[in-house]
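S.K.: Here it is: the structure, laid out below.
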Amino acid sequence: MNPMLITRHAEAQAVLSNPRYVPPPVRQDGAEGTLAWLRARVSRFSTGPAHAERRRELVALLSGLDPAALRSAAEALTRQRGGDWRGVPVAVLGAALGVADTRAVPAAAAGYLSGEESPQADAAVAELLKLAGVPVITLLLQAHAATEGLIETALKHAANDQDLDPPPHETPGQDLDPPPHGTPGQDIDLLLCETLRQDPPLKATRRLDTRTGDEVTIDLVAVNRDPDATDPALGHVPHLTFGHGVRPCPAPEHALALAAGVLEGLLK
Ligand code: HEM
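Numbers 1 to 268, taken from UniProt numbering, label the letters of the sequence shown in order.
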């Protein structure tokens with residue numbers, strides 16, 4: 001088993017599009033209701049037909065949510081909490097998915113991606129299972145750290161005004177363009193798009209090569225900066241911050257809406 005680090009954009013796209021590369025397998029023998037049990041049942045760590053089916057369920061749930069409504073709810077809740085925005089993204093997402101209490105999410109999310117098991121994470125998963133099924137819990141756990149990471153980084157860049165490179169063209173996102181100039185909220189959309197491109201909240205993702213047994217790490221920061229991948233029409237590298245290929249993030253619009261709503265509650 002050789003570790004391999006991918007820093008080139010084209011190679012990253014090729015790996016992420018090839019079903020021969022799978023997420024590193026997770027243990028399948030966790031006791032019912034624990035974090036390990038949950039990880040064995042989610043789309044994120046499954047492959048083949050099980051992944052396709054589980055992902056379909058998530059996409060169906062997401063299609064019932066209106067990003068514009070998430071955005072205004074996130075703004076309202078951030079204001080209502082006097083700017084104490086931690087927990088706002090999942091509270092808003094939870095309310096839209098019928099989960100009234102999302103306080104157990106951070107403790108469960110802590111081990112969800114890393115696989116680090118703990119009595120606290122198991123207790124938090126047990127709490128969440130009283131309130132929702134695996135697909136809804138998956139969405140909450142996936143959303144939590146990445147969305148809060150994006151908000152935190154965007155706030156840091158907003159405070160340091162000049163530290164992000166300016167967008168090369170009028171419209172900065174490749175497929176998630178912000179509204180035209182002059183629209184309210186446009187500055188926040190621009191800040192988020194540039195933060196996603198230049199300072200992604202998830203720095204890397206991993207795969208196992210099922211043919212060779214090699215572990216592959218894709219460095220998303222390096223890949224987003226690969227000069228060979230510059231798109232002349234955009235004037236920059238199309239970012240892979242939301243993944244690519246077989247299992248990209250199914251919720252980039254929702255993530256941006258939640259983050260933009262919180263920033264509007266804080267900055268406007
Ligand atoms: C800025 C915030 C976010 C970022 C940067 C992000 C990024 C990503 C990336 C890179 C992946 C793919 C991982 C891989 O290929 O190994 C992913 C998967 C996923 N994301 Fe997001 N995400 C964000 C927010 C959200 C939100 C708000 C939701 C739910 C509403 C969500 C739901 C998911 C799900 C369910 C998957 C697994 C997809 C699958 O198993 O096929 N994400 N995300």
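Backbone N, C-alpha and C fix where the C-beta goes; we use that ideal spot for every residue, glycine too. Just so you know, these numbers come straight off a predicted model, no measurement behind them.
1. In whole angstroms, what separates the C-alpha of Gln13 from that of Glu127?
2. Looking at ligand 1, does it come within less than 8 Å of Ala14, judged from the CB to the closest heavy atom?
3. Rounded to whole angstroms, how far is the Cβ of Leu164 from the Cβ of Glu117, which I believe are closer than 8 Å?
4. State the Cα-Cα distance for the pair Asn224 and Ala76, rounded to the nearest angstrom.
5. Using the C-alpha atoms, what's the distance from Ala73 back to Trp85?
6. Assign Thr212 to one of two classes, buried (16 or more other C-beta atoms within 10 Å of its C-beta) or exposed (fewer than that).
7. Which whole-angstrom value is the C-beta distance of Thr78 and Val90, which I expect to be below 8 Å?
8. Could you tell me which uninterrupted alpha helix (DSSP H) segments, each at least 4 residues in length, are contained entirely in the region 134-158, listed from first to last along the chain?
9. Since I believe Ala259 is in contact with Ala192 (beta carbons under 8 Å), could you give me their beta-carbon distance rounded to a whole number of angstroms?
10. Just to check my reading of the structure: Glu215 and Pro3 have Cβ atoms closer than 8 Å, yes? What is that Cβ distance to the nearest angstrom?
11. For ligand 1, I want to know if His51 counts as a neighbour, meaning its beta carbon is within less than 8 Å of at least one of the ligand's heavy atoms.
12. For a test of the three-state rule: what should DSSP assign to Leu240, helix, strand or coil?
13. State yes or no: is the C-beta of Ala222 nearer than 8 Å to some heavy atom of ligand 1?
14. What first and last residue would you give for the alpha helix (DSSP H) that runs through Arg55?
15. Look up Pro67 in the DSSP assignment and give the residues it is bridged to.
M.R.: Let me lay it out:
1. 38 Å
2. Checking every heavy atom of ligand 1 against the Cβ of Ala14, none is found closer than 8 Å.
3. That belief does not hold up - the Cβ atoms of Leu164 and Glu117 are roughly 37 Å apart, past 8 Å.
4. 33 Å
5. 12 Å
6. exposed
7. Contact between Thr78 and Val90 is ruled out by a C-beta separation of about 13 Å, above the 8 Å threshold.
8. none
9. Checking the sequence shown, residue 192 turns out to be Leu, not Ala. About 6 Å; that satisfies the 8 Å criterion.
10. Taking the Cβ atoms as the reference, Glu215 lies roughly 5 Å from Pro3, within the contact range of under 8 Å.
11. yes
12. coil
13. no
14. Per DSSP, Arg55 belongs to the alpha helix (DSSP H) from 48-63.
15. According to DSSP, Pro67 bridges with nothing at all.
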